[in-house]
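Notes follow once the structure below has been shown.
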Amino acid sequence: DTAVSQTPKYLVTQMGNDKSIKCEQNLGHDTMYWYKQDSKKFLKIMFSYNNKELIINETVPNRFSPKSPDKAHLNLHINSLELGDSAVYFCASSQRAGSPYEQYFGPGTRLTVT
Amino acid sequence: GNSVTQMEGPVTLSEEAFLTINCTYTATGYPSLFWYVQYPGEGLQLLLKATKADDKGSNKGFEATYRKETTSFHLEKGSVQVSDSAVYFCALRRNTGNQFYFGTGTSLTVIP
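Order-wise, the sequence lines are chains A and B. In terms of the numbering used here, the first sequence opens at residue 4 and continues consecutively. In terms of the numbering used here, the second sequence opens at residue 8 and continues consecutively.
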């Protein structure tokens with residue numbers, strides 16, 4: 004069974020469009036994250052939710068809006084896509100307190116804006 | 008503040024060579040430390056971890072020891088294989104809260 008899953012795996016779209024990426028985890032974790040990885044593999048935290056509450060909101064354009072309908076799901080909606088949004092987006096999850104301490108990552112969504 | 012610094016790549020080694028990727032950290036308190044590996048086209052996978060000083064994490068022939076006195080968590084492998092070609096990330100998690108801090112990643116290529 005896949006622990007952290009994301010859909011879609013690839014997303015090609017034009018500038019100005021609105022798109023969503025979905026993430027689900029079946030690990031029973033209470034915290035979920037979105038990261039952006041650029042072409043140089045640098046990993047940047049975007050958002051984090053704990054039990055559906057936003058706890059980390061880094062400097063990200065307002066065009067990006069996360070939504071967590073329940074603690075097993077964290078979706079990312081992007082409005083008015085720009086060329087600079089092209090990247091790989093990773094969802095991750097962890098347990099807020101106690102073992103295990105590590106994050107589990109999804110397979111990534113490669114977003115290409117043309 | 009909290010941060011992770013790891014050696015810049017890319018690193019290219021011949022098969023069976025010894026690997027060291029340096030990682031140092033800055034953190035308040037006693038963080039947990041991790042190495043993640045990202046194979047081409049995939050997400051990050053946990054390679055090994057250490058949750059307290061002097062702990063040694065190991066997996067798949069890789070090792071790293073949590074050194075509080077030098078604030079380091081260097082990754083080592085005695086004999087690399089072509090299949091170890093990947094990007095390696097050092098990371099820390101503070102002992103309070105659940106924010107993770109990642110290094111910039113080190114790309115490793117192993118040639119036959």
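The beta-carbon is built from N, C-alpha and C at its ideal position, and this holds for glycine as well.
Where residue 55/A meets chain B, residues with beta-carbon distance less than 8 Å = Residues of chain B passing the Cβ test: none, with the nearest at roughly 15 Å.
Counting pairs of Cβ atoms below 8 Å between the segment 11–18 of chain B and the segment 60–78 of chain B, do you hit three or more?
-> Short answer: they don't touch.
For the beta strand (DSSP E) that contains residue 80/A, what are its first and last residues?
-> Note, residue 80/A: beta strand (DSSP E), 76–81.
Mind pulling the chain A residues with CB within less than 7 Å of residue 109/B?
-> At a C-beta separation below 7 Å, residue 109/B has these neighbours in chain A: 46.
Tell me, please, whether the CB atom of residue 99/A is closer than 8 Å to any CB atom in chain B?
-> Interface with chain B (8 Å Cβ-Cβ cutoff): residue 99/A is included.
Please determine, among 40/A, 59/A and 51/A, the residue with the shortest C-alpha to C-alpha distance to residue 96/A.
-> From the listed residues 40/A, 59/A and 51/A, the smallest Cα separation to residue 96/A is found for 51/A.
At a CB-CB cut-off below 7 Å, which residues of chain B make contact with residue 59/A?
-> Here the neighbours are 106.
Look at residue 84/A and residue 31/A and say whether their C-beta atoms are less than 8 Å apart.
-> It is not a contact, given that the beta carbons lie outside the stated cut-off.
Kindly identify the DSSP beta-bridge partner or partners of residue 69/A.
-> DSSP lists 79/A as partners of residue 69/A.
Mind checking which residues open and close the beta strand (DSSP E) that includes residue 19/B?
-> For residue 19/B, the enclosing beta strand (DSSP E) covers residues 18–21.
Would you call residue 86/B buried or exposed, if buried means 16 or more other Cβ atoms sit within 10 Å of its Cβ?
-> Exposed.
8 Å contact criterion, which residue 112/B and residue 94/B should meet: CB distance rounded | Confirmed, Cβ separation roughly 5 Å.
Does the distance from the CB of residue 104/A to the CB of residue 58/B come in under 8 Å?
-> A contact, by the Cβ cut-off of 8 Å.
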